[in-house]
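In the numbering used here, the protein residues as written are 16 to 337.
Every residue gets a Cβ at the ideal spot worked out from N, C-alpha and C, and that includes glycine.
The structure displayed is predicted, hence computed values, not measured ones.
Working notes, beginning with the structure itself.
Put into structure tokens, the structure is as follows:
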């Protein structure tokens, strides 16, 4: 995470503008956390905007996050600062210092998820085992961070990965997601439970096959992750490592990210067929328009079953009905 800070004086009050360059995962977490604080800002390149107290935060498509107003620097420090890194948002460098130096060459079970920031479609999680003996061909096959690949290419790659690698993919349908969210469960806990269950499935399939480590693409501090699992009967907690940008650390996480993405895309295909219109990804204004169309043509219950209902897109789609 890169940080740029500048200060200016206005009316005798010290105001600060702080800009963070954040990863996609950090941005998704930020949007999830502040959905209820969202404000409208129709400006070019703006992805999401919210206000906390006197601080206005604007997230741009370029992945720059601008904090403006009195106390901006202090709020920004909660998400990343060269002088005071937040315990809730550990940097990749801090996390990686605890990883084995030769991790990329070891037998690892990687775990990753997608769909968390999309209004339509489910959260999908995949755990995938890549033994040291298979790293060569998996790498040569072109497996890397799914954000560096096109959806079409990942669809082409997925069958070979499914056939050759031990894996488990879980899908959380939105009706269940909405039920859990309404009961007070956070999206973070849902993801934690899904990662744990996918890992259990892979370990069961491995039987006695040896592995060196488990690497989870980090979306929360390890202590927070295990707190999410405090009421889960069986928790995978041996030889487990956490790292941001884990897809770039071990190919097993990259393979997991591809399989999770393809599972998400397949679910979106089914939703599009059901809706009679191509369902857009993300949470943009285009998403609002399609949501309003489905709501008008098929009713609230149908739209609710397709979406993460607590997202701000619901209210925006509703406004388009009037």
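Item                                                                                                                                                                      : Value
Where does residue 340 sit, in a helix, a strand or coil, going by DSSP?                                                                                                  : Only positions 16 to 337 of the chain appear in this structure, which leaves residue 340 out of reach.
Thinking residue 266 and residue 158 are a contact (beta carbons under 8 Å), I'd like their distance in whole angstroms, please.                                          : 5 Å
Which value, in whole angstroms, describes the spacing of the CA atoms of residue 34 and residue 173?                                                                     : 37 Å
Measuring alpha carbon to alpha carbon, tell me which residue in 225, 198, 185, 258 is nearest residue 231.                                                               : 258
Return yes when the Cβ of residue 256 is within less than 9 Å of the Cβ of residue 118, no when it is not.                                                                : yes
For the beta strand (DSSP E) containing residue 126, name the first residue and the last one.                                                                             : 123 to 129
Could you give the distance in angstroms between the alpha-carbon of residue 134 and the alpha-carbon of residue 47?                                                      : 11 Å
Considering only residues of the same chain and omitting the five flanking positions on each side of residue 183, which have a CB-CB separation below 6 Å?                : 142, 213, 216, 217
Measure the alpha-carbon distance for residue 227 versus residue 145 and round it to whole angstroms.                                                                     : 10 Å
Taking 9 Å as the threshold (C-beta atoms), are residue 127 and residue 275 in contact?                                                                                   : yes
Kindly indicate which residue of 160, 207, 320 has the alpha-carbon position closest to the one of residue 38.                                                            : 160
Quick check on residue 323: buried or exposed, where buried means 16 or more other Cβ atoms within 10 Å of its Cβ?                                                        : buried
So, residue 137 versus residue 236, is the Cβ gap smaller than 9 Å?                                                                                                       : no
What is the residue span of the alpha helix (DSSP H) that residue 140 lies within?                                                                                        : Premise fails: residue 140 lies in the beta strand (DSSP E), 138 to 145, not in any alpha helix (DSSP H).
How big is the Cα-Cα spacing for residue 303 and residue 121?                                                                                                             : 45 Å
Go ahead and label residue 151 buried or exposed: buried means 16 or more other beta carbons lie within 10 angstroms of its beta carbon, across all protein chains shown. : exposed
When the Cα of residue 208 is compared with those of 169, 139, 49, which residue comes out closest?                                                                       : 139
Among all the DSSP beta bridges, which residues are the ones paired with residue 63?                                                                                      : 74
Could you give the first and the last residue of the continuous alpha helix (DSSP H) run that contains residue 232?                                                       : Segment 228 to 232 is the beta strand (DSSP E) holding residue 232; no alpha helix (DSSP H) there.
Output the distance between the C-alpha atoms of residue 60 and residue 76, rounded to the nearest integer angstrom.                                                      : 5 Å
Looking at the structure shown, is residue 322 part of a helix, part of a strand, or coil, going by DSSP?                                                                 : strand
Please state whether DSSP places residue 184 in a helix, a strand or coil.                                                                                                : strand
Tell me the residue span of the beta strand (DSSP E) that contains residue 217.                                                                                           : First-last for residue 217: 202 to 221, but that is the alpha helix (DSSP H), not the beta strand (DSSP E).
Could you check if residue 311 is buried or exposed, using at least 16 other CB atoms within 10 Å of its CB as the buried criterion?                                      : exposed
Roughly how many angstroms lie between the CA atoms of residue 223 and residue 248, to the nearest whole one?                                                             : 22 Å
Applying the criterion that 16 or more other CB atoms from any shown protein chain within 10 Å of the CB defines a buried residue, is residue 132 buried or exposed?      : buried
Shortest alpha-carbon distance to residue 163 belongs to which of 178, 260, 199?                                                                                          : 260
What's the C-alpha gap between residue 68 and residue 196?                                                                                                                : 25 Å
Does the beta carbon of residue 172 come closer than 9 Å to any beta carbon on chain C?                                                                                   : The structure shown contains no chain C; it holds only a single protein chain.
Give the secondary structure of residue 286 by DSSP, where H, G and I count as helix, E and B as strand, and everything else as coil.                                     : helix
Along the alpha helix (DSSP H) that carries residue 45, what are the first and last residues, could you check?                                                            : 39 to 48
If you check the beta carbons only, do residue 319 and residue 188 fall under 9 Å apart?                                                                                  : no
Given this structure, state the Cα-to-Cα distance separating residue 79 from residue 327, to the nearest angstrom.                                                        : 21 Å
For residue 52, which residues from the same chain have a beta carbon less than 8 Å from its beta carbon, with the 5 sequence-adjacent residues on both sides left out?   : 65, 66, 67
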